[in-house]
Amino acid sequence: MSYLIFRWIINAVALLIVANIVPGFGIESFYNALIAALILGLVNALVRPLLFILTLPVTILTLGLFTFVINALMIWLASTIVEGFIITGFVPAFFAALILWVISMFTNWLINQAEES
């Protein structure tokens, strides 16, 4: 249970980092970032698998790069649900998906390194 809370907080901080990097991507407060991270996690758990299966041929044709488009759509969908989480278009959502992927990859590596030692 504490691992889930830890990941939730990391994702909220990652959203705040992205908000400072990507123009057109904004979060009003840390509380909004926590809610956005929670909703984004739920959207990724419930909607993303169905969307991934429906777009599997395109994903295969693009050698997996279409996954970034799916991630951007999930971020954009979460922004429509959470007040205080603002995305002005698809391009900021796409760049946010790229940066969130990099941050997630780095934090996963750090967590794995900590568990090994």
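The numbering used here applies: residue -12 is where the sequence shown begins, and numbers increase by one. Glycine included, C-beta positions come from ideal geometry on N, C-alpha and C.
Secondary structure note for G28: its alpha helix (DSSP H) is the uninterrupted segment 17 to 33.
The region 87 to 98 makes no contact with the region 69 to 77: fewer than 3 CB pairs, one atom from each, lie closer than 8 angstroms. Here the alpha carbon of P44 sits roughly 25 angstroms from the alpha carbon of I86.
Taking A80 as the centre and dropping the five residues before and after it, the same chain places the C-beta of A59, I62, W63, I74 closer than 7 angstroms to its C-beta, in chain order. Contact between F72 and I57 does not hold, since the beta-carbon distance rounds to 19 angstroms and is not under 8 angstroms. Annotation for L2: I14, A20, A23, A24 place their beta carbon closer than 7 angstroms to its own, counting only its chain and skipping 5 residues before and after.
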